[in-house]
Amino acid sequence: MAPGYSPMMPTVCNEYTMPRFLHSSQILNQIYHPRMTPHKHQPQIQPLCPQPNTAAPFDRSRTSRIILLDTSSPNLTSQTLSSICDALENVLCLGANMAGLSRIPLFGMYLLSSYPEIILPLTCTKGNFARLHSAINDIRNFLRESRVQQHLADIKPCIAQGVSEACGQFRRYSHSITQ
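In the working numbering, the protein residues as written are 286 to 464.
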């Protein structure tokens, strides 16, 4: 037997210490009653999952989403665009109101017709549904007011320009956060 080894020492599983001599009911008791002080013979249990850092508003490992909605395509009907707006509203409602870390941390929308128009700059989705909803209503109003058909040759430069502006906006946002 190695010096300093005791069968009552905790074993290390992954990076968290889990004592092997605690009964499962004792573990559950400490999980569900964290304010309860353990007895002297019971060691402290570390949490199985680390708590996420919610103080950081922007994490480079989590991607941002920018939707480029091309309304000038001749293939899109008003019914299809209405369905797209409904689907966006449903997804953003979930993204803005779900508990925990957001899978859509930042969201933006561009409307592409003859030129890219920023409907919603990069915005945090968490708890921001009112702003997201008003942006979707702006798209619906735009679609009701004017539905201009354009040639496909006019659309390609607009899509490239929209992608370029969206990437530039993301770069500016990420540089402003890191400084």
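We treat Cβ as the ideally placed atom computed from N, Cα and C, and that holds for glycine.
As the structure is a computational prediction, the values presented were derived from the model and not from experiment.
Asked, Found
"Quick one: what's got a C-beta closer than 8 Å to L407's C-beta in the same chain, skipping five residues either side?", "S349, I351, L391, F392, G393, Q454, F455, Y458"
"Which residue comes first and which comes last in the beta strand (DSSP E) that contains T481?", "Because the chain in this structure spans residues 286 to 464, residue 481 falls outside the shown range and cannot be described."
"For the alpha helix (DSSP H) that contains R416, what are its first and last residues?", "414-430"
"On the DSSP letters alone, give me the boundaries of the beta strand (DSSP E) that I352 sits inside.", "350-355"
"With a cut-off of 8 Å on the beta carbons, I'd call I424 and I403 a contact; round off their distance for me.", "With a Cβ gap of about 12 Å, I424 and I403 do not count as contacting."
"Output the distance between the C-alpha atoms of E450 and H460, rounded to the nearest integer angstrom.", "15 Å"
"Between the Cα of A466 and those of V448, Y400, L396, spot the shortest distance and give me the residue it belongs to.", "With the chain represented from 286 up to 464, any question about residue 466 goes unanswered, as that position is not in the structure."
"Quick one: grab the DSSP three-state call for G380.", "helix"
"When the cut-off is 8 Å and only beta carbons count, does V448 lie next to chain B?", "The structure shown contains no chain B; it is built from a single protein chain."
"Considering only the alpha carbon of each residue, which of Y400, I444, I389 lies closest to L417?", "I389"
"Are there 16 or more other CB atoms within 10 angstroms of the CB of A381, so buried, or fewer, so exposed?", "buried"
"Taking C-alpha atoms, which residue in I369, L354, I462, L353 lies nearest to C409?", "I462"
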